[in-house]
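Under our numbering, the first residue of the sequence shown is numbered 799, with each subsequent residue one higher. Even glycine gets a Cβ: it sits at the ideal position worked out from N, Cα and C.
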Amino acid sequence: MIYLDYAATTPLDSRVFDAMLPYFTENFGNPSSTHRYGQKAEAAVETARETIAGILNCRPDELIFTSCGSESDNLALRGVALARRKQSGANRILTARAEHHAVSKTAERLEKEDGFQVEWLPLDEFGRVTAQAVEQALSADTALVSVMYSNNEIGTINPICQIAEICRKYAVPLHTDAVQAAAYLPVDVEALGVDLLSLGAHKFYGPKGIGALYIRKGTPIQSILTGGGQEFGLRAGTHNVPLIVGLAEALRLAHVERPQRVAHLLPLRDAIIATVQETIPDVRLTGHPTERVPNHASFVFKGVDGNLLINLLDAAGFACSSGSACKTGNPQPSEVLTSLGLPREWALGSLRVTLGLGTTSEDVQAFLQTLPEVVEKARELSVPR
């Protein structure tokens, strides 16, 4: 079986596992305890915080540990929106339908249950939110703008630096979901200009169940999880020390090894994009052709059921995913793809191929030799909807 779904999750790097292991067994103390076991655990948490802060180019006290990228997104949107409304009466949230559901569904709930007004930003033909679109939508009562760094379904990189300049001009906080981007793109928050940035470790060879949120000093925010006073009073709950250590080590390795990782993946990705478009009829690349994360290729095939395509590829020995949110018996195309204006007969036939450190040229060649036949079979079996 060949794994080509690294945007869904990545295996734990053995070096990360080795760094985590002592905190499961020997150094198991609670960082909130005052005895030496607790002190040792607290030191590990703060060392991890300093490591991450160095990579993000921020202060250690601007980092909050969470359970995952989705929690980080929730804290960013809920925490800032509620605090900004209390502070200044700002009641509008700007984001896009193409965002991860941790952002878009949170925005919907803030609108439905808390009375916020959500404005959905348009996308250009490549699935990007432009700085011009943000500037046109901004107003004095905007509480928060949330635009992802790179898109999980189509790989497109958004112009975060330009958007940040616009948000700074209007003094509106900007949040970016960097969960998919951190493995391969710089996450220097000063260079990006963002006020909040979300991370999730399992997307860059770290453990599942741990994330972080950068919050620029002075950004209005309130906690959404109450209890103890951990994480500067913004995120209650006992620290998961082994996972925090793993997050820091995984991000450190991603940062140090980024040039080699990108050099390995980029030609493999480009070979997939070129060959699929050359050898299979009625196919379109989704996302920007060049401004995309280096391990990500995504397509739509006309007249193909995306779920069926994934199942056929799985039977042929390849683990991929569909960008479509189709459900058996009630297929609906992905919001990302419909936001691009793709007709239903195209949007239902999506395929996402994402590569990783374990991907070889032989893996890619085997996939490219198999895919045309599988697409043809999926077309024959797909029922028009």
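query                                                                                                  : result
Proximal residues to R1177 (C-beta, below 6 Å), its chain only, five neighbours per side dropped       : G1101, V1102
Closest Cα partner of A989 within the set E963, R1033, A999, I1108                                     : E963
Proximal residues to V1134 (C-beta, below 7 Å), its chain only, five neighbours per side dropped       : A896, G925, N949, E951, I952, G1121
Through-space distance from Y801 to T1157, alpha-carbon basis                                          : 8 Å
The beta strand (DSSP E) enclosing I864, as first and last residue numbers                             : The question names Ile, yet the displayed sequence has Thr at residue 864. First-last of the beta strand (DSSP E) with T864: 861-864.
Contact under 7 Å by Cβ, A1145 with T1136                                                              : yes
S1148, enclosing beta strand (DSSP E) - first and last residue                                         : 1148-1152
Per DSSP, the bridge partner or partners of L995                                                       : T974, Y1012
Local Cβ density within 10 Å of T904, reported as buried at 16 or more and exposed below that          : buried
V1172 and A1114 closer than 7 Å at C-beta                                                              : yes
DSSP three-state assignment for I1019, whether helix, strand or coil                                   : coil
Residue span of the beta strand (DSSP E) that contains V901, given as start and end                    : Not the beta strand (DSSP E): V901 falls in the alpha helix (DSSP H), residues 899-912.
Buried or exposed by the 16-neighbour rule on C-beta atoms within 10 Å, applied to M818                : buried
Three-state secondary structure assigned by DSSP to H1053                                              : helix
R876 - containing alpha helix (DSSP H), residue span                                                   : R876 -> no alpha helix (DSSP H), and no H or E assigned at all.
Contact under 7 Å by Cβ, I1192 with R1033                                                              : Residue 1192 is absent from the model: the chain starts at 799 and stops at 1183.
Segment limits, beta strand (DSSP E) that includes A981                                                : No beta strand (DSSP E) contains A981, which DSSP labels as neither H nor E.
Inter-stretch contact at 8 Å, needing at least 3 Cβ pairs: the stretch 1036-1051 / the stretch 837-851 : yes
Helix, strand or coil at F826 [DSSP, three-state]                                                      : coil
Span of the beta strand (DSSP E), counted from its first residue to its last, around R1082             : 1081-1083
Rounded C-alpha distance that separates P1092 from G1007                                               : 25 Å
Selection from R1142, S1148, Q1130 that minimises the alpha carbon distance to S1119                   : S1148
C866 versus L908: straight-line alpha-carbon distance, rounded                                         : 20 Å
Alpha helix (DSSP H) segment containing E923, residue limits                                           : Where E923 is concerned, there is no enclosing alpha helix (DSSP H), given that its DSSP letter is neither H nor E.
Closest residue to T1088 among Q1058, R966, A941, R1067 (Cα-Cα distance)                               : R1067
C-alpha gap between E1076 and F1165, whole angstroms                                                   : 15 Å
Three-state secondary structure (DSSP) of R1090                                                        : strand
Euclidean distance between Cα positions of H833 and Q934                                               : 55 Å
Inter-residue Cα distance where the pair is D939 and A888                                              : 4 Å
Nearest-angstrom Cα separation, counted from D1080 out to S1180                                        : 15 Å
Beta carbon proximity, S944 to chain B, threshold 7 Å                                                  : Within the model displayed, chain B is absent; a lone protein chain is all it includes.
For E1171, the three-state DSSP class (helix, strand or coil)                                          : helix
First and last residue of the uninterrupted alpha helix (DSSP H) at L990                               : 987-990
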